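Below is one structure, written out as structure tokens; the observations come after it.
Numbering (the working numbering), first residue to last: 13 to 188.
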């Protein structure tokens with residue numbers, strides 16, 4: 013059932029985000045709604061502020077006045093979320109909430125998508141997407157956190173390092 017759950021944006025009164033999150037989590041716990049309301053999140057970013065006393069690192073809300081809720085939308089879950097103290101409504105047209113797309117969820121970084129890479133540093137790979145499609149090279153550097161891979165390809169008789177996204181290359185198998 014969790015596959016049907018989508019992320020929705022809930023609008024709150026200013027400075028009520030933490031209260032709304034805590035209240036929703038308590039309701040989910042008390043009413044045993046774990047299968048319907050899976051996650052409540054407030055997107056945060058770490059910012060370094062420079063003040064008279066020096067620099068300090070603080071957590072700041074990316075979207076003040078908004079809370080993200082991953083849930084299966086039913087009349088009951090809609091009613092529960094809508095009637096939490098501090099919630100002004102869902103983001104969407106009219107009374108129908110609009111779920112976030114997978115691309116928007118990825119950009120917000122609220123859900124960690126595990127990327128399985130079938131190659132490692134030193135492996136031979138083929139570029140399968142982008143302007144260098146069908147070029148092959150050797151993996152020089154791999155950064156799963158940043159979704160980047162540096163591959164050294166041979167172009168015009170020269171070894172050239174290129175930076176690509178992880179899904180733009182595939183390992184070359186021995187039988188090829």
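Even glycine gets a Cβ: it sits at the ideal position worked out from N, Cα and C.
No experiment lies behind these values; they were computed from the predicted model shown.
For residue i, the residue or residues it bridges with in DSSP
i           : result
residue 37  : Per DSSP, none; premise fails for residue 37.
residue 148 : 138
residue 170 : 167
residue 19  : 82
residue 154 : 161
residue 102 : 22
residue 68  : 61
residue 176 : 161
Identity of the residue in the options nearest residue i by Cα
i           : options             : result
residue 30  : 55, 48 and 40       : 55
residue 94  : 174, 24 and 18      : 24
residue 17  : 139, 71, 85 and 178 : 85
residue 148 : 90, 172 and 129     : 172
residue 88  : 52, 70, 40 and 163  : 40
Buried or exposed by the 16-neighbour rule on C-beta atoms within 10 Å, applied to residue i
i           : result
residue 102 : buried
residue 81  : buried
Rounded Cβ spacing between residue i and residue j (contact assumed at less than 8 Å)
i           : j           : result
residue 67  : residue 58  : 12 Å between Cβ atoms; not a contact.
residue 178 : residue 129 : 6 Å
residue 154 : residue 132 : 7 Å
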